[in-house]
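Reviewing the structure listed below.
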Amino acid sequence: MRFLPGLICLLPLLSPLAHAELIDDVNDRGELRIALEANTSPFNFKEDGKLTGFEVELGQMLAGELDVRADFVVTDAGDLLAGVESGKYDVAINHIAMTPELAERFDTSTAYSQPDAQLLVRKDDSQRPMVMAQSFQPEEKNDPAPSLVIPFQKGNPAFKASLDNALARIKDDGRLERLSQKWLGKQE
């Protein structure tokens, strides 16, 4: 019986529900860690050494709606999703198309855009689709455009609700449409 108090103290650590919810971590830090590649205009790129683009502005808006600051981390394609999966980054906002494979590994936001497939091709290499959009290869002209989503670690329902609500507010008040028009030349 002497070990019972120690065992009781360990039980929360053993419970699958014991891990902190991502939204709590984001709020405690006061920042949303956003991974992106910063090499694809008009989505995210550097201009005069400063990050800019559609997804950079979207990330700033989402962080603002969550009442935290946006902390952008520029990384490469190999680390982007692996970093989100490991918890190194909270989310990746990098024109990532929703696929069944993505849904198996991550929870995702609702779709924030459905850009034309031509926008998902590098300007400097029109023969090679973006790494994140490789799973979307249009076979017919009438195939639907890919739905771009924001992946994050599985098992964070409160974060998903917060992120989706923030995205809904940005859509509802017209900011997403203005952002799409500014950077993508289209209405969402």
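Here the sequence shown stands for residues -20 to -1, 1 to 168, numbered as in mature numbering (1 follows the signal peptide of the UniProt record, and there is no 0).
Here a beta-carbon is modelled for each residue, glycine too, at the ideal position from N, C-alpha and C.
(request) Could you tell me whether the Cβ of L128 comes closer than 7 Å to any Cβ of chain B? (result) Protein chains in the displayed structure number just one, and chain B is not present.
(request) Could you pull out every unbroken alpha helix (DSSP H) segment of at least 4 residues lying fully inside the segment 32 to 68, listed in chain order? (result) 34 to 45 and 57 to 66
(message) Taking a contact to mean a Cβ-Cβ separation below 7 Å, would you say L12 touches V48 in this structure?
(response) As a working mapping, residue 12 is identified with position 32 in the sequence shown. As a working mapping, residue 48 is identified with position 68 in the sequence shown. Yes, the Cβ-Cβ distance between L12 and V48 is below 7 Å.
(request) Count the C-beta pairs between the segment 50 to 65 and the segment 149 to 158 that are closer than 8 Å, then say yes if the count reaches three, no if not. (result) no
(message) Let's test the definition: count the other Cβ atoms within 10 Å of the Cβ of S160 and tell me whether it reaches 16, buried, or not, exposed.
(response) As a first step, residue 160 is located in the sequence shown; it is residue number 180 there, counting from the start. Looking at its Cβ environment, which holds 16 or more other Cβ atoms inside 10 Å, S160 is buried.
(request) Could you check what DSSP says for A(-1) in three-state terms: helix, strand or coil? (result) Locating residue -1 in the sequence shown gives position 20, where the first residue counts as 1. A(-1): coil per DSSP, three-state reduction.
(request) For P80, count neighbouring Cβ atoms within 10 angstroms of its own Cβ and tell me buried if that reaches 16, exposed if not. (result) Numbered from 1 along the sequence shown, position 100 holds the residue referred to as residue 80. That one is exposed.
(request) Can you give me the start and stop residues for the alpha helix (DSSP H) that K140 sits inside? (result) On the sequence shown, position 160 is the one that residue 140 refers to. Taken as a continuous stretch (DSSP letters only), the alpha helix (DSSP H) holding K140 covers P137 to D152.
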